[in-house]
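Right, one structure below, let's go through it.
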Amino acid sequence: MRRTWIVMLTAALAGCSPTAAPPPPAETRVSVRLAEVVPASGIGALLVSGTVRLKRETPLAFNSGGRIAAILVREGDSVRSGQVLARLDPVALDAASASARAEAVRADADYRRLADLGQKGWVTAPRIDSARAAAAAAKARVAQTSFDVRLGVITAPTSGVILRRPAEPGQVVAAGAPVLTLGEMASGYVLRLPMADADMTRVARGQVATVTIPAIGAAPFAATVSEVGARGDEATGTFRVELALPPRPGLRSGLIGAARLQLGGATTGDGTVSVPATAVFAARADEGFVFVHDAASGKIARRMVALGPLGDSALTVTNGLKSGERVVISGVDRLRDGMAVTVVR
Numbered sequence: 320m321r322r323t324w325i326v327m328l329t330a331a332l333a334g335c336s337p338t339a340a341p342p343p344p345a346e347t348r349v350s351v352r353l354a355e356v357v358p359a360s361g362i363g364a365l366l367v368s369g370t371v372r373l374k375r376e377t378p379l380a381f382n383s384g385g386r387i388a389a390i391l392v393r394e395g396d397s398v399r400s401g402q403v404l405a406r407l408d409p410v411a412l413d414a415a416s417a418s419a420r421a422e423a424v425r426a427d428a429d430y431r432r433l434a435d436l437g438q439k440g441w442v443t444a445p446r447i448d449s450a451r452a453a454a455a456a457a458k459a460r461v462a463q464t465s466f467d468v469r470l471g472v473i474t475a476p477t478s479g480v481i482l483r484r485p486a487e488p489g490q491v492v493a494a495g496a497p498v499l500t501l502g503e504m505a506s507g508y509v510l511r512l513p514m515a516d517a518d519m520t521r522v523a524r525g526q527v528a529t530v531t532i533p534a535i536g537a538a539p540f541a542a543t544v545s546e547v548g549a550r551g552d553e554a555t556g557t558f559r560v561e562l563a564l565p566p567r568p569g570l571r572s573g574l575i576g577a578a579r580l581q582l583g584g585a586t587t588g589d590g591t592v593s594v595p596a597t598a599v600f601a602a603r604a605d606e607g608f609v610f611v612h613d614a615a616s617g618k619i620a621r622r623m624v625a626l627g628p629l630g631d632s633a634l635t636v637t638n639g640l641k642s643g644e645r646v647v648i649s650g651v652d653r654l655r656d657g658m659a660v661t662v663v664r
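The opening position of the sequence shown corresponds to residue 320 in the numbering used here, with each subsequent residue numbered one higher.
Given below as structure tokens:
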């Protein structure tokens, strides 16, 4: 009987002993896509607004001041080479020319008389030289006034269209004051863009850009960089870049357009790298985080990085990553430091 109780107690104690814990469930791996860290090249797109102009737009003016007698064209008129466009009142010009001719006759007569007296020894050589110089100056004055008379009429230097008419008949203008602005149609239209110095240095002649001019249609078209300014504007500090526009119906000087340029450049060489913008999370100010993938272990590690400028799709990283490393670019909100992931290729 006693032995039976011992057997029953042993069995009961055996039933109360702890059993081995079941193995933990396997961690579910998250599928991610990776991107390789590459050196920053400075390549990016830039959208700049500008103004359509004719390549050659020439202000026309009189060579001397006076009262405008007539302006024979209006803004928008097409003109041909040699066509008379405006005339200055000739009264003052003719009077100045007549006075110059009379002075030239008097100065020449004085010189001849003194030269004759000099041969007789009655006047000194310096006085004769002075009379000779006065006669030459009077003759030059005749040439100048004759030139002013000829330029009292403005003619079209080339065929084109009148873009501006800032003056009116009866107005008194100074010498060189613009009376008309002529646009040479044969020179073609350009889009003039103001660009900052850092962007201008990465633009070159022959580079292709995409241009949109809403006034003539929403469809973009290609244009070519034809000129890059050599000097910045003193007021704004910007440089002028011109794009040669292909012939298109509806183009007019003064239209507003926008150009999209791909700015290229060599690698920076200072350790700055570029990653897709989707790789960065928890960004604040100039810092953020990325998950770097370790190919040997299949795990990811969170790393803080210093951020630079953001382009169209790539973000510059100035510190914290090296070229050749691989970062996660998808599903970063589902990941944590040290997690093993499955790479989707």
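Quick reminder that beta carbons are idealized off the backbone N, C-alpha and C, glycines included.
Runs of the beta strand (DSSP E) lying entirely within the region 429 to 508 and spanning at least 3 residues, in chain order: 472 to 474, 479 to 483 and 497 to 502.
The shortest CA-to-CA distance from Ala538 to any of Thr529, Ser545, Val544 and Glu546 is the one to Thr529.
Ala493 and Ser383 have their C-alpha atoms roughly 7 Å apart. As a beta-bridge residue in DSSP terms, Glu561 pairs with Arg511 and Glu546. Put simply, of Arg645, Thr443 and Ala604 the residue whose alpha carbon is nearest the alpha carbon of Pro628 is Ala604. Around the Cβ of Thr555, a 10 Å sphere holds fewer than 16 other Cβ atoms; the residue is exposed. For Ala517, the enclosing alpha helix (DSSP H) has its first and last residue at Asp516 to Met519. Sequence-distant partners of Ser368 (beyond 5 residues in either direction) whose C-beta falls short of 6 Å from its own C-beta, in its chain, are Ala577.
Taking C-beta separations shorter than 6 Å and ignoring five residues to either side along the sequence, the partners of Glu561 in its chain run Val509, Arg511, Ser545 and Glu546, following chain order. Collapsing the DSSP output to three states places Ser350 in a strand. For Phe610, the uninterrupted beta strand (DSSP E) run begins and ends at Glu606 to His612, by DSSP.
Going by DSSP, Ser593 is part of the beta strand (DSSP E) stretching over Val592 to Pro595. Per DSSP, the continuous beta strand (DSSP E) segment holding Leu626 begins and ends at Ile619 to Leu629. The Cβ neighbour count for Arg664, taken over all protein chains shown within 10 Å, is under 16; the residue is labelled exposed.
For Ile535, the three-state secondary structure derived from DSSP is helix.
Under the three-state reduction of DSSP output, Ala598 falls in the helix class.
By DSSP's assignment, Val651 forms no beta bridge with any residue.
In this structure, the beta-carbon distance from Leu470 to Leu501 does not fall below 9 Å. Ser397 is bridged by DSSP to Val480.
For Ala428, the closest alpha carbon among the candidates Lys458, Thr443, Val662 and Pro409 is that of Lys458. Shown here for Thr531: same chain residues with a beta carbon closer than 6 Å to its own, the five before and five after excluded, namely Pro539 and Ala577 in chain order.
Sequence-distant Cβ neighbours of Ala411 in its own chain, meaning closer than 6 Å and more than five residues away, are Gly385.
Beta-bridge pairing by DSSP links Glu553 to no other residue.
A direct Cα-to-Cα measurement between Ala354 and Gly657 gives close to 18 Å. If the five residues before and after Asp516 are omitted, its C-beta is found closer than 7 Å to the C-beta atoms of Gly551 and Phe558, all from its own chain and listed in chain order.
Burial check for Ser593: the Cβ neighbour count within 10 Å reaches 16 or more, so the residue is buried. Residue range Glu376 to Ala380 is occupied by the beta strand (DSSP E) that includes Glu376.
Burial state of Thr635 is buried, judged by a 10 Å Cβ sphere holding 16 or more other Cβ atoms. For Val461 against Arg420, the beta-carbon gap comes to about 5 Å, under 8 Å, which counts as contact. Nearest neighbour of Ala601 by Cα position, chosen from Thr477, Val651 and Val522, turns out to be Val651. The bridge partners DSSP lists for Gly385 are Val492.
Looking at the DSSP output, Val527 shares a beta bridge with Thr543. Assignment of Leu373 by DSSP, reduced to helix, strand and coil, places it in the strand class. For the pair Pro497 and Pro378, the CB atoms are nearer than the 9 Å cut-off.
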